[in-house]
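Participant:
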Amino acid sequence: MIAIGGSIGTGLFVTSGAALSHGGPASLIIAYGIIGIMLFCTVHALGEMAVAFPVAGSFSAYSTRFLDPAWGFAMGWNYAIQWLVVLPLEIVAASITLGYWPGAANTNSAAWVTIFFVVIVAINFIGVKGYGEAEFVFSIIKIVAVIGFIILGIVLDCGGGPDGENIGDRYWYPNRVAPNYSGYDNPANQDANGNPLPIVSGAFNNGFKGLCSVFVTAAFSFAGTELVGLAAAEAANPRKTLPTAIKQVFWRICLFYMVALTLVSVLVPYGDRRLLGSSSTDAKASPFVIAINNARISVLPSIMNVVILISVLSVGNSSIYGSSRTLAALAEQGQAPRFLAYIDREGRPLMAIIVASVIGLLCYVVAGGQETANTALNWLYSLSGLSSLFTWGSICLAHIRFRDAWRKQGHSLSELAFTSQVGVIGSWIGFILNCLVLIAQFWTAIWPIGYASMSASDIAENFFLAYLAAPVVLLCYIPYKIYYKTPFMRSADIDLVTGRREVDTAELIEAERLEKASWPAWKRVYKTFC
Numbered sequence: 004m005i006a007i008g009g010s011i012g013t014g015l016f017v018t019s020g021a022a023l024s025h026g027g028p029a030s031l032i033i034a035y036g037i038i039g040i041m042l043f044c045t046v047h048a049l050g051e052m053a054v055a056f057p058v059a060g061s062f063s064a065y066s067t068r069f070l071d072p073a074w075g076f077a078m079g080w081n082y083a084i085q086w087l088v089v090l091p092l093e094i095v096a097a098s099i100t101l102g103y104w105p106g107a108a109n110t111n112s113a114a115w116v117t118i119f120f121v122v123i124v125a126i127n128f129i130g131v132k133g134y135g136e137a138e139f140v141f142s143i144i145k146i147v148a149v150i151g152f153i154i155l156g157i158v159l160d161c162g163g164g165p166d167g168e169n170i171g172d173r174y175w176y177p178n179r180v181a182p183n184y185s186g187y188d189n190p191a192n193q194d195a196n197g198n199p200l201p202i203v204s205g206a207f208n209n210g211f212k213g214l215c216s217v218f219v220t221a222a223f224s225f226a227g228t229e230l231v232g233l234a235a236a237e238a239a240n241p242r243k244t245l246p247t248a249i250k251q252v253f254w255r256i257c258l259f260y261m262v263a264l265t266l267v268s269v270l271v272p273y274g275d276r277r278l279l280g281s282s283s284t285d286a287k288a289s290p291f292v293i294a295i296n297n298a299r300i301s302v303l304p305s306i307m308n309v310v311i312l313i314s315v316l317s318v319g320n321s322s323i324y325g326s327s328r329t330l331a332a333l334a335e336q337g338q339a340p341r342f343l344a345y346i347d348r349e350g351r352p353l354m355a356i357i358v359a360s361v362i363g364l365l366c367y368v369v370a371g372g373q374e375t376a377n378t379a380l381n382w383l384y385s386l387s388g389l390s391s392l393f394t395w396g397s398i399c400l401a402h403i404r405f406r407d408a409w410r411k412q413g414h415s416l417s418e419l420a421f422t423s424q425v426g427v428i429g430s431w432i433g434f435i436l437n438c439l440v441l442i443a444q445f446w447t448a449i450w451p452i453g454y455a456s457m458s459a460s461d462i463a464e465n466f467f468l469a470y471l472a473a474p475v476v477l478l479c480y481i482p483y484k485i486y487y488k489t490p491f492m493r494s495a496d497i498d499l500v501t502g503r504r505e506v507d508t509a510e511l512i513e514a515e516r517l518e519k520a521s522w523p524a525w526k527r528v529y530k531t532f533c
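Numbers 4 to 533, taken from our numbering, label the letters of the sequence shown in order.
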């Protein structure tokens, strides 16, 4: 359940609106589909390594072991920083989300920030059990909401709404927004005199650059799926629990992202100006909420905003878990201050949790007013938006190197309890797609949409807002590489022993294979995908 719903959050519910506005419906589906394929390959590669080596801080540990200690250092801090800045970002986003309701909008934002901060920190101090139970509840709520929206979206698209209008795929064609489109009643789609402004539609917006601009939004939406790899070190039996979680990513990508976004793309035209406010903090710009509002269904928009609020808190909860475990793992490898490696009797990295919580106090930027909060949030988002692509690319490359070392050191795939369903070819596909997306994002960062009308300072600011994670990675990698003169790991020298949990792995794997062979055909097919 956590694997399916753990990272369904603001990336799907809110920022997908910005992607729809910038690229159009076809770009939205293509970009999310490509990132979905890339992530499917990546998570399977991660699952294979995590089952074989369920070690703390799996991402940085695998880069250190299979690639280069300097790159492992860079990836560890890249991932830690990604989640450290997400906590204050999501807490502030939660307080802004409350602005949807007039009663909450008139209260002190700092008070809401304090409540959310205390709740998230308290959950993580309970330990991995507290995190798991909270995410289980959050995931159920989000999954039920997405399934409910899918059913509602199909009904609305087929003419089952209050006005009985059959929408079909009209918004995928140019200039097909009807005069009675309810979005015209919103001030965002009206001029200063209250007259409706034209709302355009079509499959693509801003051409190929529009498509490229959607990739980083899609990557942000899928961020957190890899957290299942971090849980391997704390799982009682990763050989049994991780493969199931890894396989369920397929259903999350197909059902909860692709189907839901396809319905959004046919219910809301990309020219609706309400989408222009789509950021990770503006729930009013959620295409899901807009689609429901267009149908003039009362109460449901508020329910959808409650789900968005829960999603924001869920991501904040995951941020402390992800950053604290990564910091503790870095400390164990001597790549972070030693005190961060302290683990108490309950298995909690207490000092790392405290550090993550202290950085979360940045959420009090809301006290400086809306403009200050938005500026701070934009820069925090710039640190986290691109980081996942570096992490995913490193996972794929580490898996390629692991398989090469595994073969050259005389091992066979039959010795592995779980193997990637897409194999090394899938890791190559994932790695190449990661590189292409980084190149596309670099292009749109230097020459953004509408750059001809932008000043030089605006273009420079846009570049760093879009690509700040890259300089951070280089600043971590290059000095460490020069100072420690770390070698690129050769296949013959890679350690394939340390971290393997069972001594009699071969016997256990063979016993499990015999058990699976006795299953009926339907169960074998089911377990292949689930």
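Cβ coordinates follow ideal geometry from the N, Cα and C atoms, glycine included.
Nothing here was measured: the structure is a model prediction, and the numbers come from that model.
#1: Candidates Cys44, Pro28, Leu230, Ile11: which alpha carbon is nearest Val427's?
#2: Rounded to a whole number of angstroms, what is the C-alpha to C-alpha distance between Asn381 and Asn465?
#3: Three or more C-beta pairs closer than 8 angstroms, one from the stretch 326-334 and one from the stretch 347-354: is that the case here?
#4: First and last residue of the alpha helix (DSSP H) that includes Pro91?
#5: Name the DSSP beta bridge partners of Gln193, please?
#6: Apart from the five residues on each side of it in sequence, which residues of its chain come closer than 7 angstroms, Cβ to Cβ, to Ala2?
#7: State the Cα-Cα distance for the pair Ile99 and Arg299, rounded to the nearest angstrom.
#8: Is DSSP giving Gly20 helix, strand or coil here?
#9: What residue range does the alpha helix (DSSP H) around His402 cover?
#10: Does the beta-carbon distance from Ile497 to Arg68 come in below 8 angstroms?
#11: Using CA coordinates, which residue listed in Thr220, Ala473, Thr378 is at the minimum distance from Tyr82?
#12: Tell me where the alpha helix (DSSP H) around Lys145 begins and ends.
#13: Measuring CA to CA, which of Ala21, Phe62, Met52 is closest to Gly325?
#14: Excluding the 5 residues flanking Ser391 on each side, which residues of the same chain have their C-beta closer than 6 angstroms to its C-beta?
#15: Between Ser314 and Asp188, what straight-line distance do the alpha-carbon atoms span, to the nearest angstrom?
#16: Could you work out which residue in Arg404, Ala77, Val269, Ile118 is closest to Ile170 when comparing CA atoms only?
#17: Can you give the Cα-Cα distance for Ser521 and Ile32, rounded to whole angstroms?
#18: Where does Pro304 fall in DSSP's three states?
#19: Taking Cβ positions, are Gly274 and Ser185 nearer each other than 8 angstroms?
#20: Can you tell me the Cβ-Cβ gap for Ala443 and Phe218, rounded? I've got them flagged as a contact below 8 angstroms.
#21: By DSSP, does Asn127 sit in helix, in strand, or in coil?
#22: To the nearest angstrom, how far is it from the Cα of Pro199 to the Cα of Ala344?
#23: For Pro482, which three-state DSSP category applies?
#24: Do Gly135 and Arg328 have their CB atoms nearer than 8 angstroms?
#25: Quick check on Ser289: buried or exposed, where buried means 16 or more other Cβ atoms within 10 Å of its Cβ?
#26: What residues in its chain sit with their C-beta under 7 angstroms from that of Leu389, if we drop five residues either side in the sequence?
#27: Identify the continuous alpha helix (DSSP H) that holds Pro246 and give its terminal residues.
#28: Could you say if the stretch 448-457 and the stretch 415-432 meet the contact criterion of at least three C-beta pairs nearer than 8 angstroms?
#29: According to DSSP, simplified to helix, strand and coil, what is His414?
#30: Would you call the CB atoms of Val116 and Tyr367 closer than 8 angstroms?
#31: Considering just the uninterrupted stretch of the alpha helix (DSSP H) at Arg68, what are its terminal residues?
#32: Alpha carbon to alpha carbon, how far is Leu278 from Ala21? Give it in angstroms, no decimals.
#33: If you run the structure through DSSP and keep just helix, strand and coil, what is Glu229?
#34: Under the three-state reduction of DSSP, which class applies to Lys519: helix, strand or coil?
#35: Please state the DSSP three-state secondary structure of Trp382.
Facilitator: On the basis of the coordinates in this document:
#1: Cys44
#2: 10 angstroms
#3: yes
#4: 72-100
#5: Pro199
#6: The chain is shown only over 4 to 533; residue 2 falls outside these bounds and no answer can be derived.
#7: 24 angstroms
#8: helix
#9: 390-411
#10: yes
#11: Ala473
#12: 131-160
#13: Phe62
#14: Ala222, Ala226
#15: 29 angstroms
#16: Val269
#17: 41 angstroms
#18: helix
#19: no
#20: 6 angstroms
#21: helix
#22: 59 angstroms
#23: helix
#24: no
#25: buried
#26: Val219, Gln444, Tyr470, Ala472, Ala473
#27: 241-250
#28: no
#29: coil
#30: yes
#31: 61-69
#32: 6 angstroms
#33: coil
#34: helix
#35: helix
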